[in-house]
Structure formats: structure tokens, C-alpha cells
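**Student:**
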DNA sequence: CCGAGTGGGTTGGAAATGCCAACTTACTTC
DNA sequence: GAAGTAAGTTGGCATTTCCAACCCACTCGG
């Protein structure tokens with residue numbers, strides 16, 4: 736799809752999870768819904784598109800499709816490590832939506848094991864300082880093809 | 736658009752920034768490109784779609800469109816606070832793409848002010864513990880409409 | 001003064017994608 | 001034997017996206 740433009744892992748990541756319904760379907764799987772019908776109902780995606788997205792996520796290694804019954808064949812979708820690695824992004828998007836888009840109190844609230852309502856903080860893994868706008872600069876930049 | 740499905744700020748956030756090219760355009764603005772032609776070239780988006788996406792981001796308050804020349808009228812796109820708040824998500828997506836999608840060395844590398852290559856860590860803002868899969872649970876969950 | 005170049009788009013038509021409802025297959029339960 | 005459940009697939013239509021070309025207003029070089 737995005738054959739041209741800057742060489743960039745953001746664009747490549749979006750090739751995999753950037754289509755409509757992909758991240759919302761992933762949200763449901765991460766919330767514990769593993770069955771096609773449940774994911775379809777909770778996302779509101781049409782079944783054909785959802786089938787295509789799930790197939791793509793499975794092909795990309797983000798979900799695992801497992802048969803949990805033989806007769807009749809029934810399948811469930813399980814998160815892989817790649818899906819778990821996306822969770823900070825999903826929660827980040829959620830909190831961004833809460834703050835800049837949503838009207839009213841947040842529809843979904845997480846609690847951390849420490850007992851408090853989860854609010855995400857992002858920091859530099861090396862020095863531990865919280866990430867502030869302008870505290871980074873690029874040392875290498877993908878070329879525009 | 737997503738009229739049905741679970742009430743969820745992820746879906747609402749994606750209404751604003753989830754369309755094709757929105758996040759890639761935002762990436763360019765955050766990298767310092769502010770002009771339509773430059774954004775068009777560096778993303779590879781077609782000009783009509785890009786114009787529509789930028790308009791939408793401006794309407795949503797994520798970008799600011801500023802006239803920097805009167806005759807002829809010329810505009811630039813500037814990040815607002817909402818755009819800066821998206822930066823952890825953009826960098827998170829980039830690092831996810833680096834790890835799970837991209838082949839070869841990362842095309843773009845950031846350095847933090849501490850002098851080391853930036854790797855993002857996400858943690859609980861309250862207790863400071865790094866976020867591990869399974870260390871959270873939902874205390875409230877958006878209803879499915 | 002003339003033509004080329006630049007910036008920021010808009011327009012038209014083809015191609016791709018998405019939506020919805022209905023259908024299918026293969027069981028299980030009432 | 002009728003209805004329900006699970007996991008999709010199919011057909012037809014509507015909406016988006018893509019691409020190239022065009023437009024307008026100005027500036028610059030000769």
C-alpha cells in the first residue's frame with residue numbers, strides 16, 4: 736500500500752494494525768473476548784470485514800487462531816506477544832481519547848496492581864526521566880523514497 | 736462512522752486520528768515539516784486525501800493552520816498540545832514496528848536528552864512500576880450499544 | 001514582458017474498500 | 001423437528017481512495 740513516502744516504522748506498523756477495526760478488534764481480544772461473534776458484536780464491525788482483519792492480524796503474528804472444538808470446528812483468537820506489546824499503545828490511545836475527544840467521564844477505567852486507577856506515564860528507558868515534548872531529537876531519519 | 740459497538744475512547748480517538756495518512760501526516764508535522772507540499776511528498780499520500788485529513792485534524796484541534804504569508808496566501812500546519820500528547824503513541828508505534836514488522840535496522844532513531852538512544856518505557860503514573868501484561872484489570876467497562 | 005516555478009490546493013473518473021443482510025454448514029439443545 | 005449457536009462467506013450496492021491533471025495567485029530570471 737504505502738509504497739512511497741518516508742521509510743518509517745510508524746507507516747509499517749500501520750500497515751498491520753492501522754486499518755479500520757483492527758485496533759478495536761485487538762482491544763476486544765485484549766479485554767478477553769476471543770470469539771468471532773462476540774468480537775463482531777462488541778466492535779460493531781461488519782462480519783466480512785472483521786473476518787478479513789482477523790485473518791490479517793493472524794498472518795502478521797499479532798493474533799493466534801486456535802481451534803477449541805473439532806465437531807463442529809470452532810475457533811478462538813488469542814493475543815500473541817506482539818499483541819501484548821501493543822497494550823501500552825491501546826491504553827495510550829484510550830487516555831488520549833478520554834482527554835481530547837470524549838465528552839464526559841471515561842467509559843473504561845483500568846486499575847493497576849498497586850491499587851490506584853491506571854494512568855500511563857512514558858519515560859526514557861535508560862535514564863527514567865519522563866518524556867517531555869522537545870526532550871528528544873532524531874539521530875537518524877528514514878529516507879523519502 | 737462507528738455508531739455501534741462498545742462505548743470506548745480508543746474508538747473515539749481513532750475517529751480522529753485513525754484514518755489512513757492521519758498519523759503519518761502527524762509524524763511529519765512532529766518532525767518539523769509544516770508545509771503541504773513537503774508533507775505530501777514525505778508521506779506519499781495523494782494531495783486530495785491529505786488536504787481532507789489535515790482539515791479534519793485542524794477541526795479536531797490536533798493541528799493549527801496558520802497563514803505565514805499574505806500575498807499569495809500560504810499556510811503552515813503546527814502541532815497543538817493534543818498533537819504533542821500523541822507523541823508517545825507515535826514513538827510507541829514506531830518501536831513496535833521496528834520490532835515486529837520492520838526488517839533490518841530501525842529507519843529512524845531518536846536520542847533522549849540524557850544522551851542515550853531513546854527507548855520508551857511505560858509505567859503506572861502513580862506507583863512508577865513499569866507496566867507489565869496482566870498487571871491491570873478493568874474497574875469500569877464501556878457498554879456495548 | 002514572457003515563461004517557468006512554487007505553494008496550496010480542487011476536480012474528474014477509475015479502482016479499491018467497506019457496509020449490510022442473507023445464506024451456509026455443522027452441530028446441540030428444547 | 002424447530003430453534004439456536006458458532007464461524008464465517010456471498011452478492012450487491014455505497015462510499016472512499018487513488019492518481020493525474022488542472023487551477024489560481026504570486027515570484028523570479030532573462
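Protein chains in written order, with this note's numbering: chain A, 736 to 880; chain B, 736 to 880.
For glycine and all other residues, C-beta sits at the position ideal for the given N, C-alpha and C.
Since the model is a prediction, treat every value here as computed from it, not as a measurement.
1. Please list, in chain order, all residues of the same chain as residue 789 of chain B whose beta carbon is under 8 Å from its beta carbon, the five residues on each side excluded.
2. Does the beta carbon of residue 748 of chain A sit closer than 8 Å to a beta carbon anywhere in chain B?
3. Is the beta carbon of residue 874 of chain B sitting closer than 8 Å to the one on residue 844 of chain A?
4. Mapping the DSSP letters down to three states, classify residue 838 of chain A as helix, strand or coil.
5. When the Cα atoms are used, what is the spatial distance from residue 780 of chain B to residue 850 of chain A?
6. If you reduce the DSSP assignment to three classes, tell me which class residue 766 of chain A lands in.
7. Run through DSSP, which three-state label would residue 751 of chain A get?
8. Are residue 758 of chain A and residue 751 of chain A close, meaning C-beta to C-beta below 8 Å?
9. Here's a check: name, in chain order, each residue in its chain whose Cβ is nearer than 8 Å to the Cβ of residue 808 of chain B, leaving out the five neighbours to either side.
10. Mind pulling the chain A residues with CB within less than 8 Å of residue 854 of chain B?
11. Measure the alpha-carbon distance for residue 830 of chain A versus residue 825 of chain B and round it to whole angstroms.
12. Output yes if chain B places a C-beta closer than 8 Å to the C-beta of residue 807 of chain A; else output no.
13. Kindly list the residues whose CB is nearer than 7 Å to the CB of residue 777 of chain B, restricted to its own chain and excluding five residues on each side of it in sequence; keep chain order.
14. At what residue ranges does the stretch 787-822 of chain A contain a whole run of the alpha helix (DSSP H), taking only runs of 4 or more?
15. Determine whether the beta carbon atoms of residue 853 of chain A and residue 743 of chain B lie at a separation below 8 Å.
16. Is residue 753 of chain A near the ligand ADP, going by C-beta to nearest heavy atom under 7 Å?
17. Tell me which residues of the stretch 782-799 of chain A have at least one Cβ-Cβ distance to chain B shorter than 9 Å, keeping chain order.
**Tutor:** Let me spell this out:
1. Along the second chain, read from residue 1 onward, the residue named residue 789 of chain B stands at position 54. These residues qualify, in order along the chain: 760, 771, 774, 798, 800, 812.
2. Numbered from 1 along the first chain, position 13 holds the residue referred to as residue 748 of chain A. For residue 748 of chain A, the answer is yes, since a Cβ of chain B falls inside 8 Å of its Cβ.
3. The residue you call residue 874 of chain B lines up with position 139 of the second chain. The residue you call residue 844 of chain A lines up with position 109 of the first chain. Going by C-beta atoms, residue 874 of chain B is nearer than 8 Å to residue 844 of chain A.
4. Position 103 of the first chain, counted from the first residue, corresponds to residue 838 of chain A. Correct three-state label for residue 838 of chain A: coil.
5. Walking along the second chain from the start, residue 780 of chain B turns up at place 45. Walking along the first chain from the start, residue 850 of chain A turns up at place 115. Roughly 45 Å separates the two Cα atoms.
6. The residue given as residue 766 of chain A occupies position 31 in the first chain. The DSSP-derived three-state label of residue 766 of chain A is coil.
7. Position 16 of the first chain, counted from the first residue, corresponds to residue 751 of chain A. Residue state, collapsed to three classes: helix.
8. Translated into positions along the first chain, residue 758 of chain A becomes position 23. Translated into positions along the first chain, residue 751 of chain A becomes position 16. No, the pair does not count as a contact, with Cβ atoms beyond the cut-off.
9. As a position in the second chain, residue 808 of chain B is number 73, starting the count at 1. For residue 808 of chain B, where only same-chain residues beyond five positions count, the Cβ hits under 8 Å are 802.
10. Residue 854 of chain B sits at position 119 when you count from the first residue of the second chain. Here the neighbours are 859, 860, 861.
11. In the first chain, counting from the first residue as 1, residue 830 of chain A sits at position 95. In the second chain, counting from the first residue as 1, residue 825 of chain B sits at position 90. Approximately 14 Å, taken between the alpha carbons.
12. Residue mapping note: residue 807 of chain A aligns to position 72 of the first chain, counting from 1. No, because no Cβ of chain B sits closer than 8 Å to the Cβ of residue 807 of chain A.
13. Position 42 of the second chain, counting from 1, holds the residue named residue 777 of chain B. Excluding residues within five positions, the ones whose Cβ falls inside 7 Å are 763, 768.
14. Fully enclosed alpha helix (DSSP H) runs of no fewer than 4 residues occupy 816-820 of the stretch 787-822 of chain A, in order along the chain.
15. Within the first chain, residue 853 of chain A is the residue found at index 118, counting from 1. Within the second chain, residue 743 of chain B is the residue found at index 8, counting from 1. For residue 853 of chain A and residue 743 of chain B, no; Cβs fall outside 8 Å.
16. Of ligands this structure carries none, so the ligand ADP is not represented either.
17. 795, 796, 797
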